[in-house]
Structures are given as structure tokens and as C-alpha cells.
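Below is one structure, written out as C-alpha cells, with a few remarks after it.
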Amino acid sequence: MSAANDDLGEQIVQLLPRLRRFARSLANRVQDADDLVQLAVERALSRSSQLRPEAQLSSWMFGILRNAWIDESRARGRRTRLFVSEELGENIADPAADRQADALSVQEAMARLPVEQREVIGLVLVEGLSYKEAAEIIGAPIGTITSRLARGRDSLQALLGNGRGASA
Amino acid sequence: MTFTDEVLMAYADGELDTATRQQVQDAIDRDPEIARRVASHRALRDSLRSSFDAVLSEPLPDRLLSAARAVARDPAESRVVPLRRNTAPVRAWPKWAALAASFVLGAVALQFGTSLRESASITERNGQMLASGALQEALSNQLTGPRATQTPVQIGVSFLSKSGHYCRTFQLQEATSLGGLACNEAGSWKLEVLARGEASAIQNPQYRPAGSQLPPAVIQAVNDNIAGDPLDAKSEALARAQKWHHTQ
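Chains as they are written, first to last, in my numbering: chain H, 7 to 174; chain G, 60 to 307.
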């Protein structure tokens, strides 16, 4: 048990860069994103028995992180926020984003997407998961994933000023 | 042949079956407008990817490394949610511990799932975590000892604290190994500590309930707070009759 958990801990360490990247696509602020990663890591280790042997650790972890973020998003407005609000977060200078004006605008644009579009974009376009994997993590049919992805892309194109990609 | 934007998007994402992919490929060769739309999907994908890829080369924060490593070594200790700064161990939650107590309810809900909140076992009043619902009921009325399995709350031990309040440990049945310590002050059960984890060896505790599954942080809190010995059955019944109000 303890040896298995140690091993899991090391595997999670290997995944940390990707978990942080995914979290950053959900929560704009570095601090908030890392809070989510920390929460996900702790939840994962406390639920290691729920990890099915055939399941991919990365998908499982993305799912836990995503659910932690959804919990937080839903709880907003019902109680005092645990994390700094998005609006505040956008106004706080982020040293990592200063390097690239282009990157900042992409991240700002992401932060303006509705929750359900942002998570699909994060999983599919940022993390490179398949539609099927994203559908399993989010717990929605592939058709739903596809249409959220299409709407999210449209919004991003508009926000980034790259012209409207849509004209079906 | 026309394609919906979703099909072109799926093409750009490599999600189409071979036949459809070939059709789109043919259309791209014929129709510059379709080629432009596919290119725009690809450009957005590349742009997102390159914006967020910078995260991969950032140094990993220590707190995340230790979350993965330290928690794996000792799962019980690091999932303690401190409810009072002066009595509860801080350990892995320095940031949350520094927040006002009103934040803690949210932290608890995040930490232990929504079951606590939904069963309304814990509420918050003036920045203090209080037992409510089934938990309050059990703390006020249930005497120590093994209960029928249907009982949602198991009471572990009752004692008088150094500050002259009656305190009781409890475990929630619905969430195995979730336990805590509550003390009665002015008629309310204030939560001193709430933790999840299996019993583990604390060196020579002054008091350890027999066969206890209480998380170490709770046992620690009992040992820190207890004045004298735990209440025996008679004193416990008397305390209950006095509504857990200790009179000197």
C-alpha cells in the first residue's frame, strides 16, 4: 500500500508539468492553477484505490483536476471565494505572461470562455487529448464535446481577432 | 461538397475516419475557402499549444513536489484541515490555515467532498465551525460506545478540556476514517479539528481510545486538550443531563 502509493507519487511527479499546463488553461492565475494541481494531487493520492489498473493515470488525474475546478467554479457566488476572482486575476501582472504579448492575449481570451467550453479546449487543444478521452473525463457525449469545442473555437477566434472561422 | 465547421474542425484535430478525411482532403485541394477554414482551425490549435507549452519548462513549485511525495508517504497527516489556529496542527495547509475561518468551510467541502455540506453536518457561524444536523444530534445525545451500523455518527470519547468545556471525538460513518473533535461552548459544538486518515502510531499518547480508528491529528488534539481522564459512563450521562455545560 505504502510502496504502491510512493510509486504513484513519483508517477504523479512526472505528470506535474502537464497537470500545471492544463490547470493554467482553466485558471488564468499561476497561483490559482497551482492550487488546483495541489488539490488534485492530494485527492488522487487519497483515492488511489479508485484508479483502475487499465486506466491511464494522466486521464484519471486530468479528471480529478477538472472536477476540483468545477467544484470551485460552482461554489462561486454561493460562498466566499477560496480563490481570487478571475476579474482580479486578469489585472494582476503575471511575470510568466509578460514574456510574450501573444501568449497573454491567448490566456486572456481563454479566461473569458464559459466554463464548459474552456475545459474542452484545455483538454483537446492544449493537452492534445482525443474527443473520446475528453468526453470520458467530462462525462458528456462526444456530440456535446464537439459542439462545445466548435463554439469555444469560434469565440477564441473572435477574441483573438483572427477572423471568424465559422461559416458552416 | 460542403462540410460543416464541426467536420472541418475534426479534420484539423485528426478525429475523422479515413473516408471522411479523404473527402475533406479532396475538398481542400479544390476549394480555397475550405482550405482557409481548416488552416484557421490549425492555426488556433498551434497558437493555444504554444501559449501554454511555456508552462512545461517552468520549474516545479516545491509545494507540488511535496504534495506528490510527502502525501504519498503519510496520507493521514497531510489531509488535516485545521479549524482553529491555536489548537490544530497546520502541516500541509499553511496557506489555508492563514485564511480567515470563514474560508475553511469551503476548504472542508473541497477537501472532503460535498457529502458533509449536503448532509448539513457542519455549518459556520461568525467564523467558527459548528456541528449541525446529525452530527450535532449525536454529539448532544449519543453516549459513548459502539452503535448500530445505521448510526451516521460514532462517538469515540468524551472528556473535560483544560479550558473547562466538554469535548467529544466523533467519526462519520458515511466517510470512513473521517473523524474530528468538537467541544461544547455556550450550547454549541465547536469543531476543533477535522481530519481524514487511518490511525497511525503516535509515540506514547497520553490517551488513545481502544481500537480507535481516529486520525492521528484528532488523537493529538485530544491529548493536547484533555484535563485528567476521559469521562466514564456515569460522568458522561451526567454531563449529558446537564446539556454538556460544565459547572465548577
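Glycine residues also receive a C-beta, built at the ideal position from the N, C-alpha and C atoms. The structure presented is a predicted model; accordingly, all values stated were derived computationally and were not measured.
Proximity winner among H/Gly134, H/Ser65 and H/Thr152, relative to H/Gln123 (alpha-carbon distances): Taking the first residue of the first sequence as position 1, residue 123 of chain H is located at position 117. It is H/Thr152.
Exposed unless 16 or more other CB atoms sit within 10 angstroms - verdict on G/Lys249: Taking the first residue of the second sequence as position 1, residue 249 of chain G is located at position 190. Classification of G/Lys249: buried, given that the 10 Å Cβ count is 16 or more.
Segment limits, beta strand (DSSP E) that includes G/Val212: If you number the second sequence from 1, residue 212 of chain G lands on position 153. Bounds of the beta strand (DSSP E) holding G/Val212 are Val212 to Leu219.
8 Å Cβ cutoff met for H/Ser65 and H/Glu139: Along the first sequence, one-based indexing puts residue 65 of chain H at 59. Along the first sequence, one-based indexing puts residue 139 of chain H at 133. Result yes, Cβ atoms of H/Ser65 and H/Glu139 sit closer than 8 Å.
Neighbour-count burial assignment, G/Asn200, 16 or more Cβ in a 10 Å radius: Translated into positions along the second sequence, residue 200 of chain G becomes position 141. Classification for G/Asn200: exposed.
Neighbour list for H/Ala156 in chain G, Cβ cutoff strictly below 8 Å: Taking the first sequence and counting its residues from 1, one reaches residue 156 of chain H at position 150. Residues of chain G passing the Cβ test: Asp64, Glu65 and Met68.
Stretch-stretch touch, CB-based, cutoff 8 Å, three pairs: the stretch 23-35 of chain H with the stretch 48-56 of chain H: no
Rounded straight-line distance, which links the Cα of G/Lys302 to that of G/Leu202: Along the second sequence, one-based indexing puts residue 202 of chain G at 143. Along the second sequence, one-based indexing puts residue 302 of chain G at 243. The C-alpha of G/Leu202 lies about 13 Å from the C-alpha of G/Lys302.
Interface positions of the stretch 32-49 of chain H facing chain G (Cβ-Cβ less than 7 Å), listed along the chain: Asp40, Val43, Gln44, Leu45, Val47 and Glu48
Assigned secondary structure, G/Ala254 (DSSP; H/G/I helix, E/B strand, else coil): Locating residue 254 of chain G in the second sequence gives position 195, counting from the first residue. When DSSP states are grouped into helix, strand and coil, G/Ala254 belongs to the strand group.
Identity of the residues DSSP links to G/Glu247 by a beta bridge: Indexing the second sequence from 1 puts residue 247 of chain G at position 188. Correcting the residue type first, residue 247 of chain G is Ser in the shown sequence and not Glu. In the DSSP output, where bridge partners are listed per residue, G/Ser247 has G/Glu244.
For G/Arg80, the three-state DSSP class (helix, strand or coil): Along the second sequence, one-based indexing puts residue 80 of chain G at 21. Helix, per DSSP.
N-terminal and C-terminal residue of the beta strand (DSSP E) that G/Ser181 is part of: The sequence position of residue 181 of chain G within the second sequence is 122, counting from 1. The sequence shown places Ile at residue 181 of chain G, not Ser. Run containing G/Ile181: Ile181 to Arg184, per the beta strand (DSSP E) assignment.
Reference H/Asp13; option with closest CA among H/Pro23, H/Leu63 and H/Asp41: By 1-based counting over the first sequence, the position of residue 13 of chain H is 7. It is H/Leu63 whose Cα lies nearest to the Cα of H/Asp13.
Closer than 8 Å to chain G by CB, H/Leu175: Nothing about residue 175 of chain H can be read from this structure; chain H reaches only from 7 to 174.
Cβ neighbours of G/Pro289 in the same chain (closer than 7 Å, five flanking residues each side left out): One-based indexing of the second sequence puts residue 289 of chain G at position 230. In its chain, beyond the 5 residues on either side, Val216, Ser217, Phe218 and Tyr266 have a beta carbon closer than 7 Å to the beta carbon of G/Pro289.
C-alpha gap between G/Lys293 and G/His304, whole angstroms: Along the second sequence, one-based indexing puts residue 293 of chain G at 234. Along the second sequence, one-based indexing puts residue 304 of chain G at 245. Taking the straight line joining both Cα atoms gives about 16 Å.
Simplified DSSP assignment, three categories, for H/Gln62: By 1-based counting over the first sequence, the position of residue 62 of chain H is 56. In the structure shown, H/Gln62 sits in coil (DSSP, three-state: anything other than H, G, I, E or B).
Straight-line gap, G/Ser116 to G/Arg128 (C-alpha atoms, nearest Å): In the second sequence, counting from the first residue as 1, residue 116 of chain G sits at position 57. In the second sequence, counting from the first residue as 1, residue 128 of chain G sits at position 69. Computed Cα separation, rounded: 20 Å.
H/Arg27 Cβ short of 7 Å to the ligand NAP heavy atom set: The ligand content of the structure shown is nil, which means the ligand NAP is not present either.
Start and end residues, beta strand (DSSP E) containing G/Ala113: Position 54 of the second sequence, counted from the first residue, corresponds to residue 113 of chain G. Unbroken run through G/Ala113: none, as it is neither H nor E.
Any chain H beta carbon closer than 8 Å to G/Arg89: Translated into the one-based positions of the second sequence, residue 89 of chain G becomes position 30. Taking Cβ atoms only, chain H never reaches closer than 8 Å to G/Arg89, which makes this a no.
Interface flag, H/Gly15 vs chain G, CB-CB below 8 Å: The sequence position of residue 15 of chain H within the first sequence is 9, counting from 1. By this cut-off, H/Gly15 is an interface position.
CA-to-CA distance, G/Arg122 to G/His224, given in whole angstroms: Taking the first residue of the second sequence as position 1, residue 224 of chain G is located at position 165. Taking the first residue of the second sequence as position 1, residue 122 of chain G is located at position 63. In a straight line, the C-alpha of G/His224 is about 37 Å away from that of G/Arg122.
Between the CA atoms of H/Leu71 and H/Ser79 - distance to the nearest angstrom: By one-based count along the first sequence, residue 79 of chain H stands at place 73. By one-based count along the first sequence, residue 71 of chain H stands at place 65. H/Ser79 and H/Leu71: Cα-Cα distance of roughly 12 Å.
Interface residues of chain H facing G/Val277 [CB-CB closer than 9 Å]: Counting from one through the second sequence, the residue named residue 277 of chain G turns up at place 218. Around G/Val277, no beta-carbon contact reaches into chain H at under 9 Å, the shortest distance being about 17 Å.
Interface partners of H/Thr150 on chain G, CB under 7 Å: Working through the first sequence from its first residue, we reach residue 150 of chain H at position 144. Near H/Thr150 there are no residues of chain G at all, since even the closest Cβ is about 12 Å away, more than 7 Å.
Sheet register partners of G/Thr228 (DSSP bridge): Here the question's residue 228 of chain G lines up with position 169 in the second sequence. According to DSSP, G/Thr228 bridges with G/Leu240.
C-beta neighbour in chain G for H/Val126, strict 8 Å: The sequence position of residue 126 of chain H within the first sequence is 120, counting from 1. It does not: the Cβ of H/Val126 has no partner Cβ on chain G nearer than 8 Å.
DSSP beta-bridge partners of G/Met188: Residue 188 of chain G sits at position 129 when you count from the first residue of the second sequence. G/Glu183, per the DSSP bridge assignment.
Top-ranked residue by Cα proximity to G/Leu253, from G/Glu244, G/Gly246, G/Ser247 and G/Gly239: Counting from one through the second sequence, the residue named residue 253 of chain G turns up at place 194. Among G/Glu244, G/Gly246, G/Ser247 and G/Gly239, the Cα nearest to that of G/Leu253 belongs to G/Gly239.
Counted within 10 angstroms of its Cβ, other Cβ atoms place G/Val97 as buried (16 or more) or exposed: Within the second sequence, the letter at position 38 stands for residue 97 of chain G. Around the C-beta of G/Val97, 16 or more other C-beta atoms lie within 10 Å, and the residue is accordingly described as buried.
Length of the line joining the Cα atoms of H/Gly167 and H/Ser111: The sequence position of residue 167 of chain H within the first sequence is 161, counting from 1. The sequence position of residue 111 of chain H within the first sequence is 105, counting from 1. Distance between the alpha carbons of H/Gly167 and H/Ser111 is about 10 Å.
Inter-residue spacing [alpha-carbon to alpha-carbon] between G/Arg184 and G/Gly287: Within the second sequence, numbered from 1, the residue matching residue 184 of chain G stands at position 125. Within the second sequence, numbered from 1, the residue matching residue 287 of chain G stands at position 228. The straight-line gap from Cα to Cα measures roughly 30 Å.
Nearest to H/Gly128 (by Cα), restricted to the options H/Arg26, H/Val19, H/Ile18 and H/Gln20: Here residue 128 of chain H corresponds to residue number 122 of the first sequence, with the count starting at 1. Check the Cα spacing between H/Gly128 and each of H/Arg26, H/Val19, H/Ile18 and H/Gln20: the tightest is with H/Arg26.
Any chain G beta carbon closer than 8 Å to H/Leu129: As a first step, residue 129 of chain H must be located in the first sequence, where it is residue number 123. By this cut-off, H/Leu129 is not an interface position.
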